Amino acid sequence: MIKLKNMTQVMEKLKEEFRGKKVLVVGLGVQGGGVGVIKFLAKLGAKIKVTDLKTEEQLKESLSEISHLGIDTVLGKHDVEDFISADIIFKGPSVPWSLPGIIEAEKRGIPIEMEMSFFSVNCPGKIIGITGTRGKSTTTMMIYKLMKKNNFSVYLGGNIPQVSTIALLETVTANDWVVLELPSWPLSGFHRKKISPHIAVFTNFYPDHLNYYKTMDDYLYDKKAIYLYQKSGDYLVINYSLRNLVEKESLRSKVIYFSASDFPMPLKRLLGSHNLENAAACQKTAEIVGIDFKKAVEFISDFNNLPFRQEVIANKEGVVVINDSASTMPIATIKALETYSGKPIVLILGGNSKNLPYDELLSKINQAEKVVLLTGDFTDKILPSLKSKLTDRVRGPFDNLEEAVLTAYNEAKNLASTRGEKVYLIFSPGATSFAMFRNEFHRGDEYNKIIGKILGDE
């Protein structure tokens, strides 16, 4: 496949392909991805219809973004007729391939596109893709900001809220780099196109998304798309703990391993060994693209936490308040407990389940002085064990975040006063947020607002 050299050539080619075509967008969503795809397709002259299982009320912000385009919408349901009457379908990342409309469309040979794989096929620049169960966002931003600092012409895309990756096709040239955060769902589209990024970074692998995938092998298979189709001259930067994966494959790319011990100095702002792994992955990538070792290490060592990832948001009245709302799986909460091991912790935990194992979390939950629970089916599963292990140290479950946070803050404040030492209030749910919030970012924002109200900062 010959890549076009600049965005003008790319856009002209795509306009020829899409002008007048009936394109069905499946999944408008609330984080901007579907909106970005629709706006881009509109520029190509496509006839667009969007379908989403969510209601008009749930999608009102996204709908307002495309209201001027006169797009046909089918909300609260999917009609198979819409799928089989389309010329092309753009499938949202969380929409399963097993959806009846998708299956029927594929039977009829109707092309099914996904934003990230479509972008990658058409992008004239070089792509660095980052995947892994944890650390994707931090490593992605580290690499992007380091390259920016060192005067690379570089763009950011992938699983970044309110960023339209497909729209970068209007801008990126053959001389540019694009850094993409790539979770497993969009990587399923890479399998179908048989493509992988020029530089693939694989941070780690843990059980996740078993509310979407039938097995861990299915989840891993999608992840592996980040490197399986690499060519000679490409690079795979992968956690040493995953070496058995790579050793089983006949890869044409150059494989570079990393581990936490590879990073040569302490991190000033990021805590935990997992962040040393992220730092090492970034440094190895920097070496590939030609950034000076000393400059890279100095920049990475001073890198700050991203929002909602063990982010310290307040330190008042003896209580250090931490927002780890991006924790949507038990292993993330375990990492938070490990980061503050040996310190007094009040933990806010719970939500809905991804059908993930939680025995290890329960074995380490004693590190928390108090555990305040949010409602959800994950909470229901762990509640009997928690009460057995912690007896009177459990509060809740609460179906109201503000009530839960206020309870947790008061417990932490009282503990700090009694002990005469700092207490760490950690919001690390270890579960999804869909029972009470749009996503983990909405949940994190609400937590910050509640803390601000408690501390009188609002």
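Just so we're aligned: the sequence shown equals residues 629 to 1086 in this note's numbering.
Quick reminder that beta carbons are idealized off the backbone N, C-alpha and C, glycines included.
Since the model is a prediction, treat every value here as computed from it, not as a measurement.
Contact check, residue i vs residue j, beta carbons under 8 Å
i: Glu-939; j: Ile-950; result: yes
i: Gly-786; j: Thr-768; result: yes
i: Asn-933; j: Glu-905; result: no
i: Ala-828; j: Gly-737; result: no
i: Leu-808; j: Ile-755; result: yes
i: Gly-1024; j: Lys-963; result: no
i: Ile-794; j: Ser-824; result: no
i: Leu-1029; j: Glu-1068; result: no
i: Glu-997; j: Val-974; result: yes
i: Tyr-857; j: Arg-871; result: no
i: Phe-718; j: Glu-743; result: yes
i: Ile-941; j: Asn-1042; result: no
i: Lys-643; j: Gly-673; result: yes
i: Asp-836; j: Leu-984; result: yes
i: Gly-979; j: Leu-1002; result: yes
i: Phe-931; j: Leu-977; result: no
i: Val-806; j: Cys-751; result: yes
i: Val-800; j: Met-635; result: yes
i: Arg-1047; j: Pro-935; result: no
i: Ile-716; j: Ile-694; result: no
i: Arg-1066; j: Val-658; result: yes
i: Val-917; j: Ala-1040; result: no
i: Lys-675; j: Gly-648; result: yes
i: Lys-851; j: Ser-812; result: yes
i: Asp-890; j: Ala-908; result: yes
i: Ala-714; j: Lys-650; result: yes
i: Pro-728; j: Val-749; result: no
i: Thr-1019; j: Leu-989; result: no
i: Ile-1078; j: Val-1033; result: yes
i: Gly-720; j: Gly-662; result: yes
i: Leu-687; j: His-706; result: no
For residue i, the residue or residues it bridges with in DSSP
i: Trp-805; result: Lys-754, Val-782
i: Leu-977; result: Leu-1001
i: Asn-906; result: BP columns for Asn-906 are empty, so no partner.
i: Pro-882; result: Reading off the sequence, residue 882 comes out as Lys, not Pro. DSSP lists Tyr-863 as partners of Lys-882.
i: Val-1051; result: Val-947
i: Ile-676; result: Val-651
i: Val-829; result: Ile-758, Val-865
i: Ala-996; result: Ile-973
i: Asp-700; result: Lys-677
i: Ala-942; result: Val-949
Whole-angstrom C-beta distance between residue j and residue i, which should lie under 8 Å
i: Gln-995; j: Ser-1013; result: Not confirmed; about 15 Å, so no contact.
i: Leu-669; j: Phe-711; result: Leu-669 to Phe-711, Cβ: 16 Å. No contact.
i: Val-1022; j: Val-1051; result: Contact flag wrong, Cβ pair sits at about 17 Å.
i: Phe-747; j: Leu-797; result: 6 Å
i: Asn-903; j: Thr-766; result: 7 Å
i: Lys-912; j: Val-865; result: 5 Å
i: Phe-818; j: Ser-745; result: 5 Å
i: Tyr-783; j: Asp-804; result: 6 Å
i: Pro-789; j: Gly-660; result: 6 Å
i: Arg-762; j: Ile-959; result: 7 Å
i: Leu-774; j: Ala-914; result: 6 Å
i: Gly-1098; j: Thr-831; result: This structure leaves residue 1098 out entirely; the chain is present only between 629 and 1086.
i: Asn-839; j: Ser-1056; result: Not a contact, Cβ separation roughly 19 Å.
i: Met-770; j: Cys-910; result: 4 Å
Self-check item: Segment contact, 8 Å Cβ cut-off, at least three pairs: the segment 838-851 with the segment 877-895
Solution: They do not touch, by the three-pair rule.
Quiz item: Considering only residues of the segment 702-779, which uninterrupted beta strand (DSSP E) runs meet the minimum length of 3 residues and lie entirely inside it, listed in chain order?
Solution: Segments of the beta strand (DSSP E) lying fully in the segment 702-779: 716-719, 754-759.
Exercise. Run through the segment 1012-1069 for me and flag every whole alpha helix (DSSP H) of 4 or more residues, listed as ranges in chain order.
Key: Counting whole runs of 4 or more residues, the segment 1012-1069 contains the alpha helix (DSSP H) stretches 1029-1047.
Quiz item: Is the segment 943-959 touching the segment 917-930 in the sense that three or more CB pairs, one from each, lie closer than 8 Å?
Solution: At 8 Å Cβ cutoff, the stretches do not touch.
Quiz item: Would you call the segment 1001-1009 and the segment 1057-1068 in contact, with 3 or more CB pairs under 8 Å?
Solution: A contact exists between the segment 1001-1009 and the segment 1057-1068.
Exercise. Indicate whether the contact test is met: 3 or more Cβ pairs, each with one atom in the segment 696-704 and one in the segment 715-726, closer than 8 Å.
Key: In short, these stretches do not touch, since the Cβ pair count stays below three.
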